[in-house]
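Residue numbers (this note's numbering): 112 to 382. All C-beta atoms, glycine included, are put in the ideal place defined by N, C-alpha and C. The model shown is predicted, which means the values in this text are computed figures rather than measured ones.
Dropping the structure here:
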């Protein structure tokens, strides 16, 4: 990660947090100490996220905001208006990190069409940094070709102890692109994992906290979410857990390629 890309390594995810719940949970997260909030055009909550941040009392420069342009806004001439709507809802002039949420489903829009628009948005200063989400190696190569010298800062993909997603992770790391892990707790599946619980017992931590600490130790950015303030705080406390090399090895061995997010809108995943 380059020195000018100072993204907090733990962020609060807002997927499925709607309306007042988005406002409340972001407010709770900021009170707990999170300084990175992840939202998206497609989450339909940017207005409430922006309100929570604006009313937090924190300076704009103290809260990192990530948002994403959704598939419906990738067609010719659609990207910049979508970004401007997001900025208005978030009550900001520039977003810290702007991502393309998904490659266009079924390649309905050629990658070059939205990547060129994305470059223009970056050049216009609407985003301090740009990146992608759910991009496979195929789309990463297209992005690199179109964006040229503009740095792709992150690729946000599904990563958790049951799915290390190694092909795309290794490709991105080889190109100095940090990963952001979404669904880092495998939609709650890891909470009852015996190995994680055993490691957690040695650290006075939960299985979920161990999973998050593992992802941080692997060098990933993480964006866990919850509606429960205590759980939000527990997730944040995972930053204080230091796992041994032996424990990291144990956790890596849990990988079974269990992909949770998959559907007809997804690209052909790397295997």
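Is residue 123 helix, strand or coil when you go by DSSP?
-> strand
When 187, 217 and 226 are compared against residue 380, the one with the closest alpha-carbon = 217
Where does the unbroken beta strand (DSSP E) through residue 242 begin, and where does it stop?
-> 238-244
Note down the Cα distance separating residue 248 from residue 282, rounded to an integer number of angstroms.
-> 7 Å
Are the CB atoms of residue 175 and residue 128 nearer to each other than 8 Å?
-> no
Run through DSSP, which three-state label would residue 138 get?
-> helix
DSSP-derived helix/strand/coil call for residue 233 = helix
For the beta strand (DSSP E) that residue 351 lies in, which residues bound it at each end?
-> Looking at the DSSP string, residue 351 is not in any beta strand (DSSP E), and its letter there is neither H nor E.
Element boundaries [alpha helix (DSSP H), containing residue 282] = 277-285
Would the beta-carbon of residue 343 fall within 8 Å of that of residue 211?
-> no
How would you call residue 206, buried or exposed, if buried means at least 16 neighbouring beta carbons within 10 angstroms?
-> buried
Count the other CB atoms within 10 Å of the CB of residue 149; is the residue buried (16 or more) or exposed (fewer)?
-> buried
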